[in-house]
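Here the structure is laid out as structure tokens; the discussion comes afterwards.
Set out below in structure tokens:
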């Protein structure tokens, strides 16, 4: 066994050495001796393939450990330490890239653009947290996501938001997700990466406005716990769906809930379902009729959303550089002479004709039109389902985490006075 | 209201977040881009310490060619090629003879008996009266001839397209190739990213070839064996920079090198050892990012620079 280990290490060393030698400069490096500072690119330097897979292994280890700590070990302390590691490794060391959240866009682009091939490691980063969530809940959010970790550490005085506000803001991730997929699928932009508020902090070289954005989220997170995760994270939408069906999930109590209410204020994310007040439930006017009306309204919401999405396709498509450039050159032909306009000069230098540019822009705009219908329809569906959710009566007997919203952070665990030899409660 | 201060603070932060995203989203459109962050300002490298400038421009000769490309000097006559012409000019500027050519030339070389005109992938041999003697057409399709020199009946042709130096006898029969690779891996083969590949014999009869991608000048035996070389990679005045420099070179009577560069266009001299000597012409004398001037030198050490952009021959003499 030891010999195998030695051989593996030797082979790894040789592979890395050969890769290093292959990168020997054929041309002399240019000299930048007059104070020139090379700007940082949007994405970090690519890593060699072996290290990309190493990142996947690290993710697997971290998320497995997080699941074990949340469900079996039930240790908030160790989850906190694990999230610290995640913050250091995936955040500061890996510069916040590669990340499961941004991988949504890679997946979308690879589905809609036959010319784009997603890497195996990116695909794994997309799939692994989803699969784990399906079994163990959002343990990825608990300790394997650097964006969650940085916010989690700065929760100072969390306040509980009113339900109407939570439900309303809770629609934002759906909107962000649909826009991210629409923009990625049309080859327009990777907006999740572009507006990642924390990546600039991880790389410590963000532009000023991104520092402001990151600082604003962190300051907000002192009082509204993990605001990005709860009210913006598009990957959280998928995790939320998966987690609702999770087979095993963190439970507040390791045995039977004694309804002591000690945990009722323990969750800064308002993700604990309280036992249903039977008397109050009987008083409400919620009924079958209201449910039916809201259910019938769902197709109407879808139509309204789809129509709104399609109507906004012209405006949305202007975010695409090709569309914008075509419009710019048509409406302001004088920019052809603007030597400082790099995009215009790059187009003129490409040898592409104006007709070709307009044709490309038309195709992209048509994609936005179709995508606008789908994205708007999806948003309409989500609004309809959210409203429907308000009239659905769910009976809760105990204090339980709401699987969809619970980050499995384990904050509630120490509040429970119940001790049991039988760990690993499924939370049912 | 409970937590009123916190709520106000949160509202302000929410406005900041929305504002930052909205402003950024609208600020990166093609007509609203900030200044190019990757722009590399090379202005400082175009300024040269005047103490290093040891030459002055004594005069210049306007030439009647739309696209001059090459110059040679032999026995007090200047031979300039361009358009589809060869012009033979006296140092006073008087046009002695004009020869029409079949194709656009790329370079010219003059020996005691012959005039060699390089085309893109063939070579025209004329006698000193400008009468055609032969066409050498045995080149590959990807050939790009950029420089010619002759010594003891062997003609050396720099082929930038194939990245080799071809050898011929005076009848045009191939005699071999020089690939520019040394056995001990001290120097790489010729790296020719663009069609600038010059060669010349120094006053001692030694063949020197530019390896522009390596910023080296390499001395080969007639058999193609690497004898020695020197390298000067630097964007500072002492060296060569960019993908492929020096673009052209010639020899002073004492064996010193005269080099011309493209990109930051400038002419400099180097001692026979390869050590930087002085500046002949600074970038300010040439068009910004213009062509590298082709060079010729007479017996008195006067440097003749063919300015391709200003369409003139510029004479530089030592101060």
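Protein chains in written order, with this note's numbering: chain W, -9 to 418; chain P, 350 to 668.
No residue lacks a Cβ here, since even glycine has one placed at the ideal position from N, Cα and C.
Quick caveat: nothing in here was measured; it's all calculated off a predicted structure.
Note to self: Quick check on this structure: which residue in P:495, P:540, P:508 has the alpha carbon closest to the alpha carbon of residue 525 of chain P?
What the structure shows: Position 176 of the second chain, counted from the start, is the residue given in the question as residue 525 of chain P. Measuring from the Cα of residue 525 of chain P, the nearest candidate turns out to be P:508.
Next item on the list: Assign residue 550 of chain P to one of three DSSP states: helix, strand, or coil.
Entry: Stepping through the second chain from its first residue, residue 550 of chain P is reached at position 201. DSSP places residue 550 of chain P in strand when its eight states are reduced to three.
Checklist line | Where the stretch 203 to 219 of chain W meets chain P: residues whose CB sits under 8 Å from a CB there | finding: So the close ones are 203, 206, 207, 209, 210, 213, 214.
Notebook entry, point to check: What number of angstroms, rounded off, separates the C-alpha of residue 330 of chain W from the C-alpha of residue 339 of chain W?
Noted result: The count along the first chain starts at 1 and reaches residue 330 of chain W at position 340. The count along the first chain starts at 1 and reaches residue 339 of chain W at position 349. Spanning the two alpha carbons is a distance of roughly 13 Å.
Next item on the list: Go to residue 580 of chain P, then tell me how far its alpha helix (DSSP H) extends in each direction, as first and last residue.
Entry: Counted from its first residue, the second chain places residue 580 of chain P at position 231. Bounds of any alpha helix (DSSP H) do not take in residue 580 of chain P; it lies within the beta strand (DSSP E) bounded by 575 to 580.
Next item on the list: Report yes or no: do the stretch 567 to 575 of chain P and the stretch 590 to 606 of chain P share at least 3 C-beta pairs separated by less than 8 Å?
Entry: Three or more Cβ pairs closer than 8 Å define a contact, and the stretch 567 to 575 of chain P falls short of that threshold against the stretch 590 to 606 of chain P.
Margin query: Would the stretch 239 to 247 of chain W count as touching the stretch 399 to 410 of chain W if we require 3 or more Cβ pairs under 8 Å?
Written below: Short answer: they touch.
Next item on the list: Below 7 Å CB to CB, which residues in the same chain sit around residue 483 of chain P once its five sequence neighbours on both sides are set aside?
Entry: Here the question's residue 483 of chain P lines up with position 134 in the second chain. Counting only residues of its own chain and dropping the five nearest sequence neighbours on each side, residue 483 of chain P has a CB closer than 7 Å to the CB of 474, 521.
Checklist line | Within-7 Å CB hit, residue 149 of chain W to chain P | finding: Residue 149 of chain W sits at position 159 when you count from the first residue of the first chain. So, interface residue.
Item checked: Cα-Cα separation between residue 502 of chain P and residue 627 of chain P, rounded to whole angstroms -> Walking along the second chain from the start, residue 502 of chain P turns up at place 153. Walking along the second chain from the start, residue 627 of chain P turns up at place 278. If I take the Cα positions, the gap works out to 34 Å.
Check: What residues from chain W crowd round residue 360 of chain P, counting only those whose CB sits closer than 9 Å?
Finding: Your numbering for residue 360 of chain P matches position 11 in the second chain. For residue 360 of chain P, none of the residues of chain W pass the 9 Å Cβ criterion, the least Cβ distance being about 10 Å.
Item checked: Residues in the stretch 513 to 526 of chain P having any Cβ partner in chain W nearer than 9 Å -> None of the residues of the stretch 513 to 526 of chain P has a beta carbon lying less than 9 Å from any beta carbon of chain W.
Item checked: Neighbourhood of residue 511 of chain P by C-beta, 7 Å cutoff - its chain only, sequence neighbours within 5 removed -> By one-based count along the second chain, residue 511 of chain P stands at place 162. Non-local C-beta neighbours of residue 511 of chain P in its own chain, meaning closer than 7 Å and more than five positions away in sequence, comprise 489, 491, 492, ordered along the chain.
Notebook entry, point to check: So, residue 432 of chain P versus residue 444 of chain P, is the Cβ gap smaller than 7 Å?
Noted result: Residue 432 of chain P sits at position 83 when you count from the first residue of the second chain. Residue 444 of chain P sits at position 95 when you count from the first residue of the second chain. Pairing residue 432 of chain P with residue 444 of chain P gives a Cβ-Cβ distance that is not under 7 Å.
Note to self: Quick check: the Cα distance between residue 254 of chain W and residue 147 of chain W, rounded to an integer number of angstroms?
What the structure shows: Here residue 254 of chain W is taken as the residue at index 264 of the first chain, counted from 1. Here residue 147 of chain W is taken as the residue at index 157 of the first chain, counted from 1. When only Cα atoms are considered, residue 254 of chain W and residue 147 of chain W end up about 16 Å apart.
Next item on the list: Can you give me the Cβ contacts of residue 218 of chain W inside the same chain, cut-off strictly under 7 Å, excluding the 5 residues immediately before and after it?
Entry: Counted from its first residue, the first chain places residue 218 of chain W at position 228. Cβ neighbours of residue 218 of chain W beyond the five flanking positions: 137, 141, 187, 207.
Next item on the list: Would you mind stating whether residue 568 of chain P and residue 577 of chain P have Cβ atoms separated by less than 7 Å?
Entry: Numbered from its first residue, the second chain carries residue 568 of chain P at position 219. Numbered from its first residue, the second chain carries residue 577 of chain P at position 228. A Cβ-Cβ contact shorter than 7 Å links residue 568 of chain P with residue 577 of chain P.
Next item on the list: Put residue 587 of chain P into one of helix, strand or coil per three-state DSSP.
Entry: The count along the second chain starts at 1 and reaches residue 587 of chain P at position 238. Coil, per DSSP.
Notebook entry, point to check: Mind checking residue 478 of chain P: buried by the 16 CB within 10 Å criterion, or exposed?
Noted result: Counting from one through the second chain, the residue named residue 478 of chain P turns up at place 129. In the assembly as shown, residue 478 of chain P is an exposed residue. Its beta-carbon has fewer than 16 other beta-carbons within 10 Å.
Next item on the list: Run through the stretch 353 to 426 of chain P for me and flag every whole alpha helix (DSSP H) of 4 or more residues, listed as ranges in chain order.
Entry: Correct list: 353 to 376, 392 to 395.
Next item on the list: Please list the segments of the alpha helix (DSSP H) lying wholly inside the stretch 315 to 340 of chain W, counting only runs of 4 or more residues, in order along the chain.
Entry: Taking only runs of at least 4 residues, the alpha helix (DSSP H) segments lying wholly in the stretch 315 to 340 of chain W are 332 to 340.
Next item on the list: Could you please give me the residues that DSSP links to residue 467 of chain P through a beta bridge?
Entry: By one-based count along the second chain, residue 467 of chain P stands at place 118. Answer is P:456, P:472, bridged to residue 467 of chain P.
Margin query: Counting C-beta neighbours from all protein chains within 10 Å, is the total for residue 376 of chain P 16 or more, i.e. buried, or is it exposed?
Written below: Residue 376 of chain P sits at position 27 when you count from the first residue of the second chain. Residue 376 of chain P is exposed by the Cβ-count criterion.
Item checked: Contact set between residue 613 of chain P and chain W, taken where Cβ atoms lie within less than 9 Å -> By one-based count along the second chain, residue 613 of chain P stands at place 264. Scanning chain W for C-beta atoms nearer than 9 Å to the C-beta of residue 613 of chain P yields nothing, as the closest lies near 12 Å away.
Next item on the list: Identify whether residue 227 of chain W lies in helix, strand or coil by the three-state DSSP scheme.
Entry: Working through the first chain from its first residue, we reach residue 227 of chain W at position 237. Reduced to three states, the DSSP call for residue 227 of chain W is helix.
Check: For residue 374 of chain W versus residue 299 of chain W, is the C-beta spacing smaller than 7 Å?
Finding: The count along the first chain starts at 1 and reaches residue 374 of chain W at position 384. The count along the first chain starts at 1 and reaches residue 299 of chain W at position 309. With a cutoff of 7 Å on beta-carbon distance, residue 374 of chain W and residue 299 of chain W are scored as not near each other.
Notebook entry, point to check: Is the beta carbon of residue 378 of chain W less than 7 Å from the beta carbon of residue 284 of chain W?
Noted result: Position 388 of the first chain, counted from the start, is the residue given in the question as residue 378 of chain W. Position 294 of the first chain, counted from the start, is the residue given in the question as residue 284 of chain W. A contact, by the Cβ cut-off of 7 Å.
Checklist line | CB contact flag (residue 55 of chain W, residue 77 of chain W, <7 Å) | finding: Against the first chain, residue 55 of chain W aligns to sequence position 65. Against the first chain, residue 77 of chain W aligns to sequence position 87. No, they are not a contact pair.
Checklist line | Burial state of residue 615 of chain P (16 or more Cβ within 10 Å) | finding: The residue you call residue 615 of chain P lines up with position 266 of the second chain. It is buried - the Cβ of residue 615 of chain P has at least 16 other Cβ atoms within 10 Å.
Next item on the list: Using a Cβ cut-off of 8 Å, pull out every chain P residue sitting near residue 185 of chain W, in sequence order please.
Entry: By one-based count along the first chain, residue 185 of chain W stands at place 195. The contacting residues are 370, 373.
Next item on the list: Go ahead and label residue 564 of chain P buried or exposed: buried means 16 or more other beta carbons lie within 10 angstroms of its beta carbon, across all protein chains shown.
Entry: Counted from its first residue, the second chain places residue 564 of chain P at position 215. Residue environment analysis places residue 564 of chain P among the buried positions, since at least 16 neighbouring C-beta atoms fall within 10 angstroms of its C-beta.
Check: Buried or exposed: which applies to residue 529 of chain P, given that a residue is buried once 16 or more other Cβ atoms fall within 10 Å of its Cβ?
Finding: Indexing the second chain from 1 puts residue 529 of chain P at position 180. Buried: at least 16 other Cβ atoms inside 10 Å.
Next item on the list: With residue 523 of chain P as the anchor, note down where its beta strand (DSSP E) starts and where it stops.
Entry: For the purposes of this step, residue 523 of chain P is taken as the residue at position 174 of the second chain. Counting along the chain, the beta strand (DSSP E) containing residue 523 of chain P begins and ends at 523 to 527.
Next item on the list: Excluding the 5 residues preceding and the 5 following residue 220 of chain W in the sequence, name in chain order all residues of the same chain whose CB lies nearer than 7 Å to its CB.
Entry: By 1-based counting over the first chain, the position of residue 220 of chain W is 230. So the qualifying residues of the chain are 259.
Item checked: Per-residue DSSP class, three states only, for residue 157 of chain W -> As a first step, residue 157 of chain W must be located in the first chain, where it is residue number 167. Of the three classes helix, strand and coil, the one that applies to residue 157 of chain W here is helix, per DSSP.
Next item on the list: Given a cut-off of 7 Å, decide if residue 354 of chain W and residue 312 of chain W are closer than it, judged by their beta-carbon atoms.
Entry: Against the first chain, residue 312 of chain W aligns to sequence position 322. Against the first chain, residue 354 of chain W aligns to sequence position 364. Pairing residue 312 of chain W with residue 354 of chain W gives a Cβ-Cβ distance under 7 Å.
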